[in-house]
Amino acid sequence: MSVTPTPASPAPDHHAQFIELLRASLEQNAFIKLVLAKYVGDEVDLQRLIIKPVTVKEQACLSFVYRYKTRDITKNFALADGVALIAELLPTSFKNAHLLSLTDEAQLEYSKKNKSSLFKSKPQQLREAPSAEHNREKNRFLDLTRPFLADLGVTNAKHELIPAMSRKWKQINKFIEVFSHALTSSPLQLDRPVRVADFGSGKGYLTFAIHDYLRNTLKAEGQVTGVELREDMVTLCNNAAARLEHPGLVFKCGDVRSVAPSELDVMIALHACDIATDYAIHTGIRSGASIIMCSPCCHKQIRLQIQSPALLKPMLQYGLHLGQQAEMVTDSLRALFLEACGYETKVFEFISLDHTNKNKMILAVKRAEPLDNAQLLEKIRELKAFYQISEHCLETLLRADNYLP
Numbered sequence: 086m087s088v089t090p091t092p093a094s095p096a097p098d099h100h101a102q103f104i105e106l107l108r109a110s111l112e113q114n115a116f117i118k119l120v121l122a123k124y125v126g127d128e129v130d131l132q133r134l135i136i137k138p139v140t141v142k143e144q145a146c147l148s149f150v151y152r153y154k155t156r157d158i159t160k161n162f163a164l165a166d167g168v169a170l171i172a173e174l175l176p177t178s179f180k181n182a183h184l185l186s187l188t189d190e191a192q193l194e195y196s197k198k199n200k201s202s203l204f205k206s207k208p209q210q211l212r213e214a215p216s217a218e219h220n221r222e223k224n225r226f227l228d229l230t231r232p233f234l235a236d237l238g239v240t241n242a243k244h245e246l247i248p249a250m251s252r253k254w255k256q257i258n259k260f261i262e263v264f265s266h267a268l269t270s271s272p273l274q275l276d277r278p279v280r281v282a283d284f285g286s287g288k289g290y291l292t293f294a295i296h297d298y299l300r301n302t303l304k305a306e307g308q309v310t311g312v313e314l315r316e317d318m319v320t321l322c323n324n325a326a327a328r329l330e331h332p333g334l335v336f337k338c339g340d341v342r343s344v345a346p347s348e349l350d351v352m353i354a355l356h357a358c359d360i361a362t363d364y365a366i367h368t369g370i371r372s373g374a375s376i377i378m379c380s381p382c383c384h385k386q387i388r389l390q391i392q393s394p395a396l397l398k399p400m401l402q403y404g405l406h407l408g409q410q411a412e413m414v415t416d417s418l419r420a421l422f423l424e425a426c427g428y429e430t431k432v433f434e435f436i437s438l439d440h441t442n443k444n445k446m447i448l449a450v451k452r453a454e455p456l457d458n459a460q461l462l463e464k465i466r467e468l469k470a471f472y473q474i475s476e477h478c479l480e481t482l483l484r485a486d487n488y489l490p
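Residues in the sequence shown are numbered from 86 upward in steps of one, following the working numbering.
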């Protein structure tokens with residue numbers, strides 16, 4: 086008796102299924118966001134592609150944000166063209182795609198041999214559709230109705246922004262935006278408490294903001310400490326934290342040298358003057374912080390040491406240029422030392438504040454695997470030799486703890 090073999094079932098076409106899910110979400114006006122990751126193409130420093138709905142000249146489009154290491158490039162496409170481009174990019178350029186809609190969540194993954202896997206799930210809670218207006222107000226990571234904003238004088242009793250605090254409000258949101266992006270690429274997990282120290286916390290705007298963002302937006306437990314030298318500010322902020330029921334938020338009197346937690350996940354130091362920034366970065370590295378956010382100011386130590394090459398002296402005879410050179414050299418070395426200690430580092434203009442025209446940020450996120458830093462250390466040595474720099478405070482601190490050879 087012969088048995089007719091049953092033909093094998095064809096392998097599922099996960100690519101086609103995923104693109105169909107994308108089309109369906111667009112047709113049902115349920116599309117929220119698509120993120121393409123694990124880039125394998127030829128473009129240098131391209132990390133991921135973020136796609137969101139947008140309306141341009143009354144036409145529904147897809148906004149493609151190409152996120153590079155130090156910049157973003159945005160391109161808008163008609164819906165059909167955008168979907169076609171996404172289909173082409175998978176898996177030739179990106180090996181991972183994460184689709185988020187009002188009703189579904191789907192993830193398409195490809196192995197090194199391009200074997201595909203498709204995972205689908207339903208949202209645990211109802212999502213809200215994002216605004217697609219191209220000229221809408223910039224996305225805010227915090228809501229004006231948050232109680233701490235009224236208590237700290239950013240909003241009034243009706244939760245309306247006080248005009249004089251508009252720049253501060255922009256700074257708070259930009260800070261949380263930077264932190265949010267850093268968090269997605271860091272090794273931090275939100276299933277355990279996130280330990281944060283904010284050195285030079287002042288009136289606590291950013292300290293309250295990051296605690297509120299962790300607790301109310303990310304639904305994570307935040308153990309946040311604000312460190313400030315002025316006792317009246319510490320008292321004011323502790324009273325506000327107790328009054329507003331911010332568990333896990335505390336303010337202490339001191340500075341980065343006197344209040345130094347042994348273990349940290351996030352280290353913040355905005356506008357730490359001169360070598361105080363170096364002590365703050367050192368504290369972040371020593372405590373194992375996954376994210377280090379610094380906004381340095383004053384660059385006295387290096388400025389007093391720099392011996393400019395003869396060719397540059399006509400340009401640097403002007404005090405402004407001399408100061409800018411000291412700032413650039415100091416912060417470049419800080420970023421390079423962070424790279425040498427296993428961090429991926431960016432240096433960029435943060436946002437203007439009421440009391441300064443410049444606000445540079447050094448953002449460092451710990452790498453999953455450290456790089457071979459022999460060549461990097463040689464570049465640091467050559468840069469110091471070029472400017473005849475004998476000592477950099479951060480380097481001294483790191484060498485004392487054997488972080489650098």
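Think of the CB as a built atom: it goes at the ideal place given N, C-alpha and C, for glycine as much as any other residue.
Alpha carbons only, please: which of the options is nearest the one belonging to residue i?
i	options	result
residue 149	117, 129, 176	117
residue 334	188, 380, 133, 283	283
residue 377	329, 326, 429, 413	429
residue 286	311, 265, 306, 370	311
residue 295	250, 385, 233	233
residue 450	265, 309, 489	265
residue 362	200, 186, 133, 419	419
residue 500	122, 193, 141, 368	Limits of the chain in this structure are 86 at one end and 490 at the other, which puts residue 500 out of reach.
residue 259	135, 227, 482	227
residue 142	355, 394, 161, 435	161
Applying the 10 Å Cβ sphere with the 16-neighbour rule, what's the burial state of residue i?
i	result
residue 158	exposed
residue 277	exposed
residue 292	buried
residue 238	exposed
residue 316	exposed
residue 313	buried
residue 82	Since the first residue shown for the chain is 86 and the last is 490, residue 82 is missing from the structure and cannot be characterised.
residue 406	exposed
residue 440	Because the pLDDT of residue 440 is 41, which lies under 50, any placement of that residue in the model is unreliable, and the question is left without a value.
residue 240	buried
Could you tell me which residues DSSP pairs with residue i in its beta bridges?
i	result
residue 429	450
residue 354	284, 379
residue 434	445
residue 138	147
residue 153	131
residue 186	116
residue 404	In DSSP, residue 404 forms no bridge with anything.
residue 275	For residue 275, which the question treats as bridged, DSSP gives no partner whatsoever.
residue 308	280
Would you identify the three-state DSSP class for residue i, choosing helix, strand or coil?
i	result
residue 387	helix
residue 98	coil
residue 269	helix
residue 328	helix
residue 374	coil
residue 421	helix
residue 121	strand
residue 485	helix
residue 341	coil
residue 181	strand
residue 239	coil
residue 105	helix
residue 257	helix
residue 456	coil
residue 219	At residue 219, the pLDDT of 47 sits below 50, so the modelled position is not reliable; the number obtained from the coordinates is stated separately. Of the three classes helix, strand and coil, the one that applies to residue 219 here is coil, per DSSP.
residue 211	Here the model assigns residue 211 a pLDDT of 48, short of 50, so the residue's position is not dependable, and the following value carries that caveat. Coil, per DSSP.
State yes or no: is the beta carbon of residue i nearer than 8 angstroms to at least one beta carbon in chain B?
i	result
residue 268	The structure shown contains no chain B; it is built from a single protein chain.
Evaluate the contact criterion for the region 472 to 479 versus the region 389 to 403: three or more CB pairs, one atom per stretch, below 8 angstroms.
yes
Should the region 452 to 467 be called in touch with the region 413 to 431, which here means at least 3 C-beta pairs below 8 angstroms?
yes
I want to know whether the region 168 to 185 touches the region 95 to 108 - three or more CB-CB distances under 8 angstroms.
yes
Would you check if the region 264 to 280 and the region 346 to 354 touch, i.e. whether three or more CB-CB distances between them fall below 8 angstroms?
yes
Cβ pair count under 8 angstroms reaching 3, the region 186 to 197 against the region 128 to 142:
no
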